[in-house]
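First up is the structure itself, then whatever we jot down about it.
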């Protein structure tokens with residue numbers, strides 16, 4: 417494993433126990449000896465489930481499997497391997513997913529359609545299925561390592577640190593817990609693709625409500641980060657609820673006001689995990705928050721924010737600590753949404769740089785340059801066209817990115 | 417000026433004289449002393465004209481000027497400065513364009529609306545208008561340097577070599593000539609944005625025909641190259657015809673079969689200029705040709721080709737001479753067009769790598785790895801969905817790109 421990324425948090429957080437969830441992870445032999453590469457999360461009393469999947473048209477068989485079973489909104493287990501993405505592997509790849517799900521179903525005693533599957537790692541190589549099938553019974557029966565941090569490590573590929581986040585909140589006056597793990601980041605060398613995020617709660621919420629919560633929150637968190645604009649074949653974000661903390665009357669809608677605190681806590685957890693992925697972006701030395709305000713539509717704000725966050729020239733300027741706001745102008749212009757340049761304003765680190773389509777009078781670059789030297793950079797654009805806004809997180813584009821992705825042959 | 421790019425052609429080509437075109441260039445003082453930064457192309461007998469402009473929503477005042485005058489389809493002069501893009505400069509920027517056009521109109525004796533204007537260089541800084549206005553009369557009256565190579569040098573920013581291409585062909589049995597210059601490449605550090613291309617011919621073609629030719633050919637050439645996916649505020653591609661070689665009966669349509677040879681020659685010139693821009697891409701060490709075949713629609717082929725050509729992971733793999741075809745799978749999947757992964761085939765340097773959704777039987781990486789070591793890389797994808805195709809050119813993504821864009825403060 418590489419050294420921890422410079423933007424890594426100091427340590428793995430303390431996460432709450434989720435009643436009704438058993439995490440077990442271990443080594444099945446895909447990765448180097450001793451490196452965890454298999455996670456089985458068991459949900460003995462059946463959990464409700466919702467999942468968001470990559471929009472890639474070359475999605476992996478595991479993604480297609482989850483897409484098929486998610487309609488039932490029920491889960492008894494989740495199995496994840498790292499080191500091999502089982503993507504672009506044809507019919508043998510599809511058979512391998514089914515065999516994996518069957519082995520886990522046998523081990524935990526459930527139906528095959530209650531087993532969610534995810535794989536992350538090299539694209540195009542056959543999955544070493546026998547090793548996975550051999551390892552499943554022991555890990556599922558408790559021989560693996562328990563706990564959040566081991567689970568987060570088992571799903572890592574080239575991540576430099578395990579990613580976890582948790583919260584406690586209340587529904588109907590009763591304490592409920594949320595815990596999640598994730599791995600990143602963008603497509604990762606060599607082909608260690610995929611963003612995976614798995615969030616668990618003991619709240620008493622049916623799958624339809626989980627689904628209603630997960631969609632908008634995924635858009636605001638995991639779908640609002642970008643490392644290099646590349647989309648993996650395997651991105652998966654799943655939310656499971658063990659329902660061990662019953663509510664008095666059922667929650668039937670994601671808009672139920674009793675969920676306000678829960679929704680907020682869930683967003684905090686998901687946004688925390690998402691930003692950890694960016695912090696571990698290949699070669700990242702700066703975390704960049706791009707906020708676009710005063711847009712006519714939310715989609716316009718988002719398109720402009722992503723255009724800025726994906727621009728190699730903006731990202732190299734950040735790497736060079738260069739307050740190069742002309743590149744932000746360029747990225748606003750190329751976003752493909754209506755923009756009145758004469759109303760565009762730009763601030764960096766909260767300091768106005770341009771206003772009404774040209775540089776502010778008496779612009780002093782010095783305080784902006786000081787902001788650019790810090791580890792967390794804020795780029796703010798006002799479109800002057802409405803009241804909508806969007807925030808996207810990214811990292812800088814450095815020699816480290818090139819070194820990771822070009823200097824070593826896979 | 418930096419050293420010539422490793423992919424640069426050995427020398428500037430011999431270009432034909434275009435009857436009715438006078439090229440004059442010189443130093444007006446925007447750039448370092450002695451460095452040409454102003455080009456005036458005079459067309460004494462009025463030329464027909466067509467122009468394609470950036471789709472950026474933060475387009476420069478010069479682009480907006482050309483957009484306004486192009487309806488007349490007539491030109492008497494073209495003036496181009498390098499070193500300052502006059503972009504995001506508000507009302508003073510618009511006034512500067514008009515003043516420049518007026519000065520050239522005075523100098524060559526034409527109406528202001530017959531003067532095309534382009535600027536390339538830093539975004540957001542006021543144009544040093546007095547220097548430009550001072551220099552125009554002398555350069556326009558012949559005091560500047562004549563000829564193609566000097567003209568190509570005058571429009572350069574961080575380009576490492578001047579770019580020119582020419583051809584002779586026939587319309588109605590009569591020889592006509594085509595000559596063009598261009599500068600690149602992508603958005604260039606520091607903010608030296610913009611792709612500019614100016615092509616001249618002595619053929620007797622009205623503006624409507626030029627326009628009909630320019631659109632599709634621009635899409636197949638200048639709009640089919642990408643260095644870093646960033647779009648400048650100033651991209652301009654103009655075609656001028658001095659009409660000194662009259663045809664017997666007027667050409668009234670771009671589809672006139674008498675233009676078949678001319679259209680072919682014009683595409684060769686434009687594609688040559690476009691590829692020279694890629695060869696001078698920041699940090700480029702390899703020219704990459706991406707061809708997508710067997711698509712259901714041309715737009716699908718183009719979207720997939722651009723997705724591959726813009727992918728940082730594909731481009732870093734090429735830089736690393738890594739036959740990392742899983743990244744091509746990823747880029748096909750993220751292109752946002754319908755793809756049946758089970759029908760996708762991939763070849764590299766003409767060597768089949770994947771077929772029908774998985775790696776070819778007995779895949780031997782050795783010959784592919786040898787191809788990846790060369791300076792010109794060919795990536796080919798078949799979508800297995802139809803008969804349409806598209807070709808896009810790009811370069812690799814190297815430490816050189818980061819060094820140029822991040823290591824030095826502007």
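Protein chains in written order, with this note's numbering: chain A, 417 to 826; chain B, 417 to 826.
Glycine residues also receive a C-beta, built at the ideal position from the N, C-alpha and C atoms.
Q: Would you kindly work out how many angstroms separate the C-alpha atoms of residue 713(B) and residue 553(A), rounded to a whole number?
A: By 1-based counting over the second chain, the position of residue 713(B) is 297. By 1-based counting over the first chain, the position of residue 553(A) is 137. Distance between residue 713(B) and residue 553(A), taken at the CA atoms: about 49 Å.
Q. Taking residue 460(B) as the reference, which of 471(B), 480(B), 438(B), 470(B) has the closest Cα?
A. Counting from 1 along the second chain, the entry for residue 460(B) is found at position 44. Comparing Cα positions, the closest option is 438(B).
Q: Measure the alpha-carbon distance for residue 654(B) versus residue 468(B) and round it to whole angstroms.
A: For this step, residue 654(B) is matched to residue 238 along the second chain. For this step, residue 468(B) is matched to residue 52 along the second chain. Take the alpha-carbon of residue 654(B) and the one of residue 468(B): they are about 6 Å apart.
Q: Taking 9 Å as the cut-off, decide whether the C-beta atoms of residue 434(B) and residue 580(B) are in contact.
A: Stepping through the second chain from its first residue, residue 434(B) is reached at position 18. Stepping through the second chain from its first residue, residue 580(B) is reached at position 164. Their beta carbons are not under 9 Å apart, which means residue 434(B) does not touch residue 580(B) by this criterion.
Q. Taking Cβ to Cβ, would you say residue 798(A) is nearer than 9 Å to residue 760(A)?
A. Numbered from its first residue, the first chain carries residue 798(A) at position 382. Numbered from its first residue, the first chain carries residue 760(A) at position 344. For residue 798(A) and residue 760(A), yes; Cβs fall inside 9 Å.
(Q) Counting only C-beta atoms, is residue 471(A) closer than 9 Å to chain B at any point? (A) In the first chain, residue 471(A) corresponds to position 55, counting from 1. So yes, residue 471(A) belongs to the interface.
Q: Report yes or no: is there a C-beta of chain A within less than 9 Å of the C-beta of residue 498(B)?
A: Looking up residue 498(B) in the second chain gives position 82. Taking a beta-carbon distance threshold of 9 Å, residue 498(B) does not count as an interface residue toward chain A.
Q.
Residues of chain A with CB closer than 7 Å to the CB of residue 774(B), please, in chain order.
A. What you label residue 774(B) is simply residue 358 of the second chain in a count that begins at 1. Within chain A, the residues whose beta carbon sits less than 7 Å from that of residue 774(B) are 504, 505, 506, listed in sequence order.
Q: Return the chain-ordered ranges of every beta strand (DSSP E) run that is complete within the region 762–809 of chain A and spans a minimum of 3 residues.
A: Listed in chain order, they are 767–771, 792–798.
Q. When the cut-off is 9 Å and only beta carbons count, does residue 750(B) lie next to chain A?
A. Within the second chain, the letter at position 334 stands for residue 750(B). Judged by the 9 Å Cβ criterion, residue 750(B) is in contact with chain A.
**Q.** Backbone CA spacing between residue 557(B) and residue 493(B) [nearest angstrom]
**A.** Here residue 557(B) is taken as the residue at index 141 of the second chain, counted from 1. Here residue 493(B) is taken as the residue at index 77 of the second chain, counted from 1. Going by the C-alpha atoms only, they are around 12 Å apart.
Q | Every unbroken alpha helix (DSSP H) within the region 560–612 of chain B, with a cutoff of 4 residues, ordered by chain | A | Listed in chain order, they are 564–570.
Q.
For residue 577(B) and residue 429(B), what's the separation of their Cα atoms in angstroms?
A. Along the second chain, one-based indexing puts residue 577(B) at 161. Along the second chain, one-based indexing puts residue 429(B) at 13. Spanning the two alpha carbons is a distance of roughly 12 Å.
Q.
For residue 650(A) and residue 687(A), I'd like the C-alpha separation in whole angstroms.
A. Along the first chain, read from residue 1 onward, the residue named residue 650(A) stands at position 234. Along the first chain, read from residue 1 onward, the residue named residue 687(A) stands at position 271. One C-alpha to the other measures close to 20 Å.
Q) Should the region 804–823 of chain A be called in touch with the region 695–715 of chain A, which here means at least 3 C-beta pairs below 8 Å? A) Below 8 Å, enough C-beta pairs join the region 804–823 of chain A and the region 695–715 of chain A to call them touching: three or more.
Q: Check each candidate in 457(B), 489(B), 522(B), 551(B) and name the one with the smallest Cα separation from residue 534(B).
A: By 1-based counting over the second chain, the position of residue 534(B) is 118. For residue 534(B), the closest of 457(B), 489(B), 522(B), 551(B) by C-alpha to C-alpha distance is 457(B).
Q | Contact between the region 507–518 of chain B and the region 564–574 of chain B (3+ Cβ pairs under 8 Å) | A | Under the three-pair Cβ rule at 8 Å, the region 507–518 of chain B does not count as touching the region 564–574 of chain B.
Q: Alpha carbon to alpha carbon, how far is residue 705(A) from residue 631(A)? Give it in angstroms, no decimals.
A: The count along the first chain starts at 1 and reaches residue 631(A) at position 215. The count along the first chain starts at 1 and reaches residue 705(A) at position 289. Per the coordinates, the alpha-carbon of residue 631(A) lies some 22 Å from the alpha-carbon of residue 705(A).
(Q) Taking only three categories from DSSP, how would you classify residue 432(B)? (A) Along the second chain, read from residue 1 onward, the residue named residue 432(B) stands at position 16. Reduced to three states, the DSSP call for residue 432(B) is coil.
Q) Residues of chain A with a CB under 8 Å from the CB of residue 757(B): which are they? A) Along the second chain, read from residue 1 onward, the residue named residue 757(B) stands at position 341. Here the neighbours are 473, 474, 475, 504.
Q | Three-pair Cβ contact test at 8 Å for the region 756–774 of chain A versus the region 667–687 of chain A | A | No contact exists between the region 756–774 of chain A and the region 667–687 of chain A.
Q | Euclidean distance between Cα positions of residue 500(B) and residue 672(A) | A | Along the second chain, read from residue 1 onward, the residue named residue 500(B) stands at position 84. Along the first chain, read from residue 1 onward, the residue named residue 672(A) stands at position 256. Residue 500(B) and residue 672(A): Cα-Cα distance of roughly 56 Å.
**Q.** Boundaries (first-last residue) of the beta strand (DSSP E) holding residue 650(A)
**A.** As a working note, residue 650(A) is residue 234 in the first chain. That residue, residue 650(A), is in no beta strand (DSSP E); it is neither H nor E in DSSP.
(Q) With a threshold of 9 Å between beta carbons, is residue 456(A) in contact with chain B? (A) On the first chain, position 40 is the one that residue 456(A) refers to. At a cut-off of 9 Å between beta-carbon atoms, residue 456(A) makes no contact with chain B.
Q: Examine the Cβ distances between the region 465–485 of chain B and the region 442–451 of chain B and report whether three or more of them are shorter than 8 Å.
A: Flag = no, the region 465–485 of chain B and the region 442–451 of chain B do not touch.
Q. What are the start and end residues of the beta strand (DSSP E) that includes residue 710(A)?
A. The sequence position of residue 710(A) within the first chain is 294, counting from 1. Where residue 710(A) is concerned, the enclosing beta strand (DSSP E) stretches over 703–711.
Q.
With three or more beta-carbon pairs closer than 8 Å as the criterion, would you say the region 654–670 of chain B touches the region 617–626 of chain B?
A. By the Cβ rule, the region 654–670 of chain B counts as touching the region 617–626 of chain B, because three or more pairs are nearer than 8 Å.
Q. When the distance is taken between beta carbons, is residue 536(B) closer than 9 Å to residue 599(B)?
A. Start at 1 with the first residue of the second chain, and residue 599(B) comes out as number 183. Start at 1 with the first residue of the second chain, and residue 536(B) comes out as number 120. The Cβ atoms of residue 599(B) and residue 536(B) sit closer than 9 Å to each other.
Q) In chain order, which continuous runs of the beta strand (DSSP E) of length 3 or greater are located wholly inside the region 512–555 of chain A? A) Whole beta strand (DSSP E) segments, 3+ residues: 531–538.
Q) With which residues is residue 827(B) paired in a DSSP beta bridge? A) Nothing about residue 827(B) can be reported from this structure: the residues present for chain B run from 417 to 826 only.
Q | residue 746(B) at chain A interface by Cβ criterion, 9 Å | A | On the second chain, position 330 is the one that residue 746(B) refers to. Chain A, which has a Cβ nearer than 9 Å to the Cβ of residue 746(B), makes this yes.
Q | Cβ-based burial, residue 628(A) [other Cβ within 10 Å; buried from 16] | A | Here residue 628(A) refers to the residue found at position 212 when the first chain is read from its first residue. By the Cβ-count criterion, residue 628(A) is buried, with 16 or more other Cβ atoms from all chains shown falling within 10 Å of its own Cβ.
**Q.** Identified DSSP bridge partners for residue 744(B)
**A.** Locating residue 744(B) in the second chain gives position 328, where the first residue counts as 1. DSSP lists no partner for residue 744(B).
Q: Establish whether the CB of residue 741(A) and some CB of chain B are separated by less than 9 Å.
A: Within the first chain, residue 741(A) is the residue found at index 325, counting from 1. Flagged as an interface residue toward chain B: residue 741(A), by a C-beta distance shorter than 9 Å.
Q: Going by DSSP, name the residue or residues bridged to residue 482(B).
A: Reading the second chain from its first residue, position 66 is the one you call residue 482(B). Per DSSP, residue 482(B) has no beta bridge partner at all.
(Q) For residue 676(A), count the other beta carbons within 10 Å of its own beta carbon; 16 or more makes it buried, fewer makes it exposed. Which is it? (A) Reading the first chain from its first residue, position 260 is the one you call residue 676(A). It counts as exposed.
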